[in-house]
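Below is one structure, written out as structure tokens; comments come after it.
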Amino acid sequence: MSDAAISGSGSTLVDDWSADKQAYHVPWGKAMMWIFLVSDTFIFTCFLTGYLHVRLSTTEPWPLQSEIFALSFGGDPIPLILIAIMTFILITSSGTMALAVNFGYRKDKVKTFWFMVATACLGASFVGMQAFEWSKLILEEGVRPWGNPFGAAQFGSVFFMITGFHGLHVTAGVIYLLTVAFKVKKGHYDKKGYEIVEIAGLYWHFVDLVWVFIFAFFYLL
Amino acid sequence: MAYVPLADQDSEMEMHHPHSWVTKYVWSQDHKVIAIQYGGLAIAVGVVALVLSLLMRMQLGFPETFDLIDPSSYYQSVTMHGMIMVVYMLTALLLGGFGNYLIPLMCGARDMVFPFLNMLSVWVYALSVLILMSSFFVSGGPTGAGWTLYPPQTSMAGTPGHDMGIVLMLLSLAVFIVAFTMGGLNYVTTILQYRCRGLTMMRLPLTVWGIFIATILGLFAFPALLVSAIMMLFDMLLGTSFFMPAVIESGTPLDHNGGSPILFQHLFWFFGHPEVYIVALPAFGLVSDVLSTHARKNIFGYRMMVWAIIAIGGLSFIVWAHHMYVSGMHPYFGFFFATTTLIIAVPTALKVYNWVLTLWEGDIRLNAPMYFAIGFIFTFIHGGLTGLFLGNVVIDLPLSDTYFVVAHFHMVMGVSPVLVIFAALYHWYPKVTGRMFHEGMAKAHFWCTFLGTYAIYLPMHYLGFLGVPRRYYAMGSTDFIPASAQDLNVVITYAALFVGAAQLLFFINIFWSLRNGEKAGPNPWGSASLEWQTPDTPPAHGNWGDELPTVYRWAYDYSVPGAHEDFIPQNVPESDEPTADEQHFDPDHDESKADA
Ligand code: HEM
Ligand SMILES: [Cu+2]
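In order, the protein sequences belong to chains A and B. Residue numbering for the first sequence follows our numbering, starting at 1 and increasing by one per position. Residue numbering for the second sequence follows our numbering, starting at 222 and increasing by one per position.
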């Protein structure tokens, strides 16, 4: 059989795949991160599907999230206000990350460093607010993984499991970003190139995107 | 900034040259050493699982004779045997072992793209094995819930190992998944991004294709197992009710409410069915290469073989509920899953035809690896046919949870991959060690294993028809099972003990040959694929000496008319040799055979 015929024709995707040496014109690290993220997507999809399933299977009524996740600043409680702020912070951090990637490719070490640190700080404040939310639910509202005063016990189980798993992702991301940021500052990537900033960015955008889904499915639905 | 593909970068890439014995053999980042570590550990746990199965067989054959096993330890043995064989032995051996050894060599690379992660992978795998084995020593022993770990019975007081055992099992699985992910990312990325010059995807040997698609399946399927493991751990340790409905145990209601056991089954089988193909696809790939090499013929329908692997991989994600026909489901779902299940048979059958057509009119050399490869075709057809029965809802319902099922899955995913593994171990042994194994001993090993496993599993189909249930410690006496079933059980047990003992031939052979085998030379089988063209045998660190190879053709140029030898290695340029497609290969006018 003729291999020249295989690699010759077709669309770009086919060309890429049937080309020699590599399937995508990206460094291996980026390809690897993409594949990891697809795999991680499956984890979160399973979590969310599991959540939807137990929400249907449980015999007791599902608690009203908008009331449980309300905060009042002196006056009437505002539903979901904390979550809204957290979501806003996380989306902002995606913006600062994008800037960091951009400056990375321009080899502007200082700005890359600072934007990465800013992203990490936004991430850390997200985790901090999550800790606040958790402790409020646990200490004031009496929500536990195995039960809560508002209704179906699975509410607490799912809440702690999914937001916890996502929180771990954010925490890992903060550590990852800081590590890369300090290496950038030291000039560690001058020779290798600054793809690593973009790779870290991929991870970070992914974690943000997952949060949007958690927000939609868990808090709004 | 211009980006240079790895294959075009300087050869003095960052190689982690080992400096001491410890970095060379223990914390090694060389894919070949890692492969041997993975493989050796997988085979070792496989032996544990084998011993457990022999204990079970002794109990089943001679129910009142031995005190070795009581009902609890029988359940524990079934569970540990099944889980170890499927996950810790086959998956680890095929992907961690063969994947690590063959991917970089067959891709013409110096190593995996991320050797450090690769090293972590094997040691995290070792940790998962350690956790699993430690469950033998905790109070209550390992879990006896069956390898499917269905709740709620996993955590009920009647199930052995319902406290510590199951927790350790779930923990170990989670750790295994981490290890697999670290390795798997490496395999996929290496295949995609680290091929040498001229090696297009459509020139890759089928082994690489099989491992490639199987790894992708693993990366998408293991998440479901991870999630179910986490949820079940929470049910057990935190008292949540993901999978636990309201249960009354010996008159007292448990502290659970409103969970869904069916959710677990869906998650488990969303992993479990692709897992079958995670094991099968690498085996398909390996056996294709072994068959083609020893039949001195190109693999029949290479491109169809690749597409069949991809199609099987894709379809394997939409058949999972065929394991749940008896769990109760809407008839239309049953219809859907039965249909998709039967559709998978099409690409699978295509592969079988192509293997047979590869043998057709080949210049077959009956070396020991070829024995095992041909044996595989038999057992796989056999197990595949019974699968067609079980895929149909109405036939599955009466046969479910009988020995027919046990016979089916042992033929298709027990014996078949194991035969391929032996074929592959013998086939690549000369490359890995530089020496030949003892041919006669290997052939004796084949006949004992092949005939022996048939003696074990053929009668089990019949027992299944009689209605003998699976996972039973002893049959006792029933109205519907004739007493003669016990005689069959005795025969099966003798056969199993015989097969178990016959595996000693394999171990004696590989260890004896390490020192006493003939020197093998670089390419004893006259194989065309890249791993046999390394400058050193066994390949040195970095695999290719100073310069990476360049590939000019696919891996199956065998019996090429007019060639110097009867094959042309992948790295021989076109100008040096005529290619098969220039002069259409016609076995009836095969000059190389006419000379002989
Ligand atoms: C000589 C080799 C083997 C023998 C004698 C053997 C024997 C057995 C026996 C007696 C059982 C329990 C049946 C029951 O009571 O229901 C069993 C279950 C099982 N075996 Fe094997 N086996 C062998 C090899 C393998 C291999 C290579 C695999 C790899 C896939 C495997 C996978 C399983 C699984 C998944 C189960 C089901 C466990 C469960 O019901 O939870 N076995 N085997
Ligand atoms: Cu299946």
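C-beta: ideal position from N, C-alpha, C; glycine also.
Taking a C-beta cut-off of 9 Å against chain A, the contacting residues of the region 412 to 438 of chain B are I412, L413, Q414, Y415, R416, C417, R418, G419, L420, T421, M422, M423, R424, I437, listed in chain order. Contact annotation: F126 (chain A) and I89 (chain A) have beta-carbon atoms nearer than 8 Å. Only residues of its own chain outside the window of five on either side were considered, and among them A270 have a CB closer than 6 Å to the CB of M306 (chain B), listed in chain order. By the Cβ-count criterion, Q297 (chain B) is buried, with 16 or more other Cβ atoms from all chains shown falling within 10 Å of its own Cβ. The beta-carbon of Q154 (chain A) is placed less than 8 Å from the nearest beta-carbon of chain B.
N478, G479, G480, S481, L484: these are the residues of the region 465 to 484 of chain B whose beta carbon lies less than 7 Å from some beta carbon of chain A, given in chain order.
At least one CB atom of chain A sits nearer than 8 Å to the CB of G460 (chain B).
Our two residues, V345 (chain B) and V388 (chain B), have alpha carbons roughly 18 Å apart in a direct line. Secondary structure within the region 588 to 652 of chain B: the alpha helix (DSSP H) runs of 4 or more consecutive residues, fully enclosed, are 589 to 612, 614 to 620, 624 to 630 (chain order). The DSSP-derived three-state label of G147 (chain A) is strand. Residues of chain B with a Cβ closer than 7 Å to the Cβ of V54 (chain A) are, in chain order, F463, G480, S481, L484. Here DSSP, grouped into helix, strand and coil, assigns A70 (chain A) to strand. Under DSSP, F788 (chain B) takes part in a beta bridge, and its partners are B:Y779.
F115 (chain A) counts as buried, since at least 16 other C-beta atoms from the protein chains shown sit within 10 angstroms of its C-beta. Using a Cβ-Cβ cut-off of 8 Å, V272 (chain B) does not count as an interface residue toward chain A, since no Cβ of chain A sits closer than that to its own. Within the same chain, Cβ atoms closer than 6 Å to the Cβ of V143 (chain A) are found at L137, G156, the five residues on either side in sequence being excluded.
Between D332 (chain B) and I324 (chain B), the alpha-carbon positions lie close to 9 Å from each other. Ligand 1 has a heavy atom closer than 7 Å to the beta-carbon of T300 (chain B).
For D20 (chain A) against R691 (chain B), the beta-carbon gap comes to about 50 Å, at or over 8 Å, which does not count as contact.
By the neighbour-count criterion, in which 16 or more other beta carbons inside 10 Å mark a residue as buried, P444 (chain B) falls on the buried side. Ranked by Cα distance from P743 (chain B), the first of B:P552, B:N730, B:Y675, B:P760 is B:P760. P466 (chain B) sits in coil when the DSSP states are folded into three classes, being neither helix nor strand. By the CB criterion at 8 Å, D190 (chain A) and I91 (chain A) fall outside the cutoff. Residues of chain B with a Cβ closer than 8 Å to the Cβ of E60 (chain A) are, in chain order, N478, G479. The C-alpha of F521 (chain B) is placed about 6 Å away from the C-alpha of L578 (chain B). Of the heavy atoms belonging to ligand 2, none sits nearer than 7 Å to the Cβ of H629 (chain B).
Between the beta-carbon of I255 (chain B) and that of V343 (chain B) there is about 5 Å, and that keeps the pair under the 8 Å contact cut. The three-state reading of DSSP puts P474 (chain B) in strand, counting E and B together. Nearest CB-CB separation between Q65 (chain A) and chain B: not below the 8 Å threshold. Here the distance from the Cβ of H487 (chain B) to the nearest heavy atom of ligand 2 is not below 7 Å.
Per DSSP, I78 (chain A) is one residue of the beta strand (DSSP E) stretching across 77 to 79.
Proximity annotation: ligand 2 has residues B:H494, B:V497, B:V540, B:H543, B:H544 in chain order, each selected because its CB is closer than 6 Å to a heavy atom of the ligand. Between the alpha carbons of Y777 (chain B) and S513 (chain B) lies a gap of roughly 7 Å. Separation of S449 (chain B) and G605 (chain B) (C-alpha to C-alpha, rounded to the nearest whole angstrom) is 29 Å. Taking a beta-carbon distance threshold of 8 Å, V409 (chain B) counts as an interface residue toward chain A. Using a cutoff of 7 Å, the CB of M377 (chain B) does not count as near ligand 1, since none of the ligand's heavy atoms is closer than that.
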